[in-house]
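Residue numbers (the numbering used here), protein chains in the order written: chain A, -11 to 196; chain B, 59 to 251.
Beneath this line is the structure, given in structure tokens, with notes to follow.
Shown next as structure tokens:
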């Protein structure tokens, strides 16, 4: 027996009342001449009746249905309370966090201050000896001149002490003092040649 | 159509601040949602808990709800998603319960002189077998079958609820029917059900 060209799905749709009025009418015409489809429709209709009956036997408990509204509102109230508590706890932790942030700022500031202090102290420890102090504003020539003056001064001091230790004449010493006084703040080379300075002292003073 | 307008009006009233409108919506749909969930999870307590969860979620989301679909379809959608979550959780943590404890049946006592306790027992057994057959469908087939057959949703509404194309819904429905027929046909041919 050849199988019907109509799909089994159409029998299901007809039994389930899913076909439109026109489709149902057309299919009913087909059923008059197709025992195969008629049988399929009967089978699915029986199936649906059975499943419908089986589900109708399941009773809905009145108590559960009665309590649903109340339980929904209880659940909402509990959640709002939880959220309120949560927001309070979150606020508390936010405060702690802000406090911690303040502490972090304080800690960072302390570290920076400590580092600056340490740098200052270390800087002082490793500061070069104060001897030749030059300022940035001075030109290279002025620096050279100042260095020379200071160097001359140092050598004159040494020469004077040496001369004193050699027990030279007081006149020479006082003469050296005068040279020294004149040399201060002036260019040594500009010291008047009228001043008679012994070659020894002069050599010792210039160091060259 | 009136129902659609009514539901939308109630939602609008709720959105405007009238809390009683939600009570009315719950009153209108709690039985339908509960029965859908009971058929889906086959456990009274779980069905009740999920029904509460459905309305809880609906309450919290209703403020921003837009009437793109029917309110009932939206509600069923929430329920269907919770059923999926329920079955996933149950698959991860299976709970073995006695079948008789899942859906308590009425005591088999003759209520009047015309009642037949034996026949009642047979009918209940038949109902249990059929429900078991429905439960053996795939989750999608079962969801489509329940929503269309028992909840009376149109195929388009079932499609919206389950997030499927209408054609896919029809395919699942056909497969469900054929499978049920295969499982139960021999039983009713032999008058066992």
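Every residue, glycine too, gets a C-beta built ideally from N, C-alpha and C.
Nearest candidate by alpha-carbon position, reference residue i, set the options
i                      : options                       : result
residue 240 of chain B : B/221, B/195 and B/211        : B/195
residue 115 of chain B : B/185, B/93, B/140 and B/126  : B/140
residue 44 of chain A  : B/144, B/177, B/209 and B/220 : B/209
residue 92 of chain B  : A/-5, A/55 and A/26           : A/55
residue 71 of chain B  : B/120, B/105, B/86 and B/97   : B/120
residue -3 of chain A  : B/214, B/244, B/229 and B/220 : B/229
residue 236 of chain B : A/32, A/19 and A/14           : A/32
residue 219 of chain B : B/117, B/199 and B/133        : B/133
residue 109 of chain B : B/84, B/125, B/122 and B/126  : B/84
residue 47 of chain A  : B/118, B/90 and B/112         : B/90
residue 227 of chain B : B/189, B/198 and B/111        : B/198
residue 189 of chain B : B/149, B/211, B/99 and B/212  : B/99
residue 308 of chain B : B/177, B/106, B/215 and B/117 : It is not possible to answer for residue 308 of chain B, since the shown part of chain B is limited to 59 through 251.
residue 18 of chain A  : A/-5, A/6, A/62 and A/5       : A/-5
residue 107 of chain B : A/102, A/20 and A/62          : A/62
residue 243 of chain B : A/22, A/104, A/99 and A/36    : A/36
residue 38 of chain A  : B/182, B/125 and B/67         : B/182
residue -8 of chain A  : A/51, A/8, A/6 and A/15       : A/15
residue 51 of chain A  : B/102, B/217, B/179 and B/68  : B/102
residue 80 of chain B  : A/21, A/60, A/99 and A/24     : A/60
residue 23 of chain A  : A/8, A/-1 and A/34            : A/-1
CB-CB length for residue i against residue j, believed under 8 Å
i                      : j                      : result
residue 65 of chain B  : residue 128 of chain B : 7 Å
residue 191 of chain B : residue 138 of chain B : 21 Å between Cβ atoms; not a contact.
residue 144 of chain B : residue 193 of chain B : That belief does not hold up - the Cβ atoms of residue 144 of chain B and residue 193 of chain B are roughly 14 Å apart, past 8 Å.
residue 225 of chain B : residue 41 of chain A  : In fact, because the Cβ distance is near 30 Å, the residues do not count as touching under 8 Å.
residue 112 of chain B : residue 136 of chain B : 5 Å
residue 29 of chain A  : residue 3 of chain A   : 5 Å
residue 6 of chain A   : residue 213 of chain B : 7 Å
residue 97 of chain B  : residue 187 of chain B : Contact flag wrong, Cβ pair sits at about 16 Å.
residue 53 of chain A  : residue 88 of chain B  : 6 Å
residue 131 of chain B : residue 215 of chain B : 5 Å
residue 179 of chain B : residue 206 of chain B : Actually they do not touch by this definition, with Cβ atoms about 31 Å apart.
Simplified DSSP assignment, three categories, for residue i
i                      : result
residue 44 of chain A  : helix
residue 164 of chain B : Unreliable positioning characterises residue 164 of chain B in this predicted model, as indicated by a pLDDT of 49, which lies under 50. The coordinate reading is nonetheless provided below. It is coil, neither helix nor strand.
residue 120 of chain B : helix
residue 277 of chain B : Since the displayed chain B opens at 59 and closes at 251, residue 277 of chain B lies outside it and no answer follows.
residue 196 of chain A : Bear in mind that the predicted position of residue 196 of chain A carries a pLDDT of just 44, short of 50, making it too unreliable to give a figure here.
residue 222 of chain B : coil
residue 8 of chain A   : coil
residue 181 of chain B : helix
residue 242 of chain B : helix
residue 100 of chain B : coil
residue 25 of chain A  : helix
residue 209 of chain B : coil
residue 145 of chain B : helix
residue 17 of chain A  : helix
residue 197 of chain B : helix
residue 174 of chain B : coil
residue 130 of chain B : helix
residue -6 of chain A  : coil
residue 150 of chain B : helix
residue 63 of chain A  : helix
residue 71 of chain B  : helix
residue 139 of chain B : helix
residue 37 of chain A  : helix
residue 77 of chain B  : coil
residue 117 of chain A : Here residue 117 of chain A scores only 47 on pLDDT, less than 50, and its place in the model should not be relied on; the value that follows carries that caveat. Looking at residue 117 of chain A - three-state DSSP - the assignment turns out to be coil, as it is neither helix nor strand.
Any non-hydrogen atom of the ligand NAP within 6 Å of residue i CB
i                      : result
residue 178 of chain B : The model depicted lacks the ligand NAP and carries no ligand whatsoever.
Legend entry - chain B contacts from the region 16 to 46 of chain A (Cβ-Cβ distance under 8 Å): Identification of residues in the region 16 to 46 of chain A having a C-beta nearer than 8 Å to some C-beta of chain B yields 31, 32, 34, 35, 36, 38, 39, 40, 41, 42, 43, 45 and 46, given in sequence order.
Legend entry - Interface positions of the region 211 to 226 of chain B facing chain A (Cβ-Cβ less than 8 Å), listed along the chain: 213
Inset, instruction - Could you list the residues in the region 227 to 245 of chain B with a C-beta less than 8 Å from some C-beta on chain A, going in chain order? - result: Of all residues in the region 227 to 245 of chain B, only 228, 231, 232, 235, 236, 238, 239, 242 and 243 place a beta-carbon less than 8 Å from a beta-carbon of chain A.
Inset, instruction - Mind checking the region 50 to 61 of chain A against chain B and listing, in chain order, the residues whose C-beta falls within less than 7 Å of any C-beta there? - result: 52, 53, 56, 57, 59 and 60
Inset, instruction - Compile a chain-ordered list of the residues in the region 71 to 92 of chain B whose CB is closer than 8 Å to at least one CB of chain A. - result: 81, 84, 85, 88, 89 and 92
Inset, instruction - Pull out every residue of the region 1 to 13 of chain A whose Cβ sits closer than 9 Å to any Cβ of chain B, in chain order. - result: 1, 3, 4 and 6
Inset, instruction - Residues of the region 89 to 113 of chain B with a CB closer than 7 Å to any CB of chain A: list them in chain order, please. - result: 89, 92, 93, 96, 97, 102, 106, 109, 110 and 113
Legend entry - Selection of the region 186 to 210 of chain B by Cβ proximity to chain A, strictly under 9 Å: Listed by position along the chain: 186, 187, 188, 189, 191, 192, 203, 204, 206, 207 and 208.
Inset, instruction - Using a Cβ-Cβ cut-off of less than 7 Å, give me the residues of the region 112 to 132 of chain B that come near chain A, in sequence order. - result: 113, 114 and 117
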